[in-house]
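At position 108 of the sequence shown the residue is numbered 108 (UniProt numbering), and the sequence of numbers has no breaks.
Just so you know, even glycine gets a beta-carbon here, dropped at the ideal spot from N, CA and C.
Note that the structure is a prediction, hence the values are computed from the model and not measured.
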Amino acid sequence: MTEQEASPVRVDQWLWAVRVVKTRTLATQLAKSGHVRINKEPVKPATKVHVGDEVRVRIQGFDKIFVVQRLLKKRVGAPVARTCYEDLSPERPKMYLPVARRAPGTGRPTKRERRQLDKLRGHDPNWDRR
Numbered sequence: 001m002t003e004q005e006a007s008p009v010r011v012d013q014w015l016w017a018v019r020v021v022k023t024r025t026l027a028t029q030l031a032k033s034g035h036v037r038i039n040k041e042p043v044k045p046a047t048k049v050h051v052g053d054e055v056r057v058r059i060q061g062f063d064k065i066f067v068v069q070r071l072l073k074k075r076v077g078a079p080v081a082r083t084c085y086e087d088l089s090p091e092r093p094k095m096y097l098p099v100a101r102r103a104p105g106t107g108r109p110t111k112r113e114r115r116q117l118d119k120l121r122g123h124d125p126n127w128d129r130r
C-alpha cells in the first residue's frame, strides 16, 4: 500500500472518486444534508474515511452500503472503482404502481368520480379550505 492510499480521504472526495455520485458537489450536498453515514454516525463532508469503514449513502430514498477496501483521491474508471469497495446494499424492491384508465368513449370523470379517485389516492378533499 502506498503512502497516498494509507492516508485518510474526505468522504465527499471518496464518494466521487469511486463513482457513487456524479459530482463532488453532489457528494458534499448529500453529506451536509445528513444522507451520508460512516459506521452509522452522520458525518460532515470533510470527515475522513479509513479502510474498513462502513459508508451508508441515501440516494433516491434507498440506502447504499459500502465497506471501504481502498482509498482514492482521484476519480478512476468504473472497473477500478468497483475494486475499491464492497457493496453490501440490499436489492431494491420491485415496485408496480397500476395506472388508472378509463374505458374509451366514457369522457371526463364526473365530480363524484373525481372525489372517489382522490379518496382512493389518499388526497385530502379539504386541502384548500384550511
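Exercise. Apply the 10 Å Cβ neighbour rule to V67 and answer buried if 16 or more other Cβ atoms are within range, or exposed otherwise.
Key: exposed
Quiz item: According to the neighbour-count rule (16 or more other Cβ atoms, all chains shown, within 10 Å of its Cβ), is R121 buried or exposed?
Solution: exposed
Practice problem: Please classify A27: is it buried, with 16 or more other beta-carbons within 10 angstroms of its beta-carbon, or exposed? | Solution: buried
Quiz prompt | 4 or more residues per run - each alpha helix (DSSP H) lying fully within the UniProt domain "RNA-binding S4" (9 to 73) | solution = 11 to 17, 24 to 32
Quiz item: With DSSP run on the structure shown, which of helix, strand or coil describes R130?
Solution: Caution applies to R130, whose pLDDT of 46 falls short of 50 and renders its modelled position unreliable; the model cannot decide the point.
Quiz item: Are the CB atoms of V76 and I38 nearer to each other than 8 Å?
Solution: no
Quiz prompt | Rounded distance between the beta-carbons of R24 and A78, thought under 8 Å | solution = With 8 Å as the limit, A78 and R24 do not qualify as a contact, their Cβ atoms being about 17 Å apart.
Practice problem: Can you give me the Cβ contacts of R102 inside the same chain, cut-off strictly under 8 Å, excluding the 5 residues immediately before and after it? | Solution: P109
Quiz item: First and last residue of the beta strand (DSSP E) that includes E91?
Solution: Element bounds for E91: n/a, residue is neither H nor E.
Self-check item: Nearest-angstrom Cα separation, counted from V55 out to D87
Solution: 10 Å
Quiz item: Taking the alpha-carbon positions, what's the G105 to K74 distance?
Solution: 60 Å
Exercise. In the DSSP assignment, find the unbroken alpha helix (DSSP H) run with W120 in it and report its ends.
Key: Checking the sequence, you will find Leu at residue 120 rather than Trp. First-last of the alpha helix (DSSP H) with L120: 111 to 121.
Quiz item: Residues in its own chain within less than 8 Å of E3 by CB, not counting five upstream and five downstream?
Solution: Confidence is the limiting factor: at E3 the pLDDT is only 47, short of 50, which leaves the residue's position unreliable, though a coordinate-based value still follows. There are no such residues.
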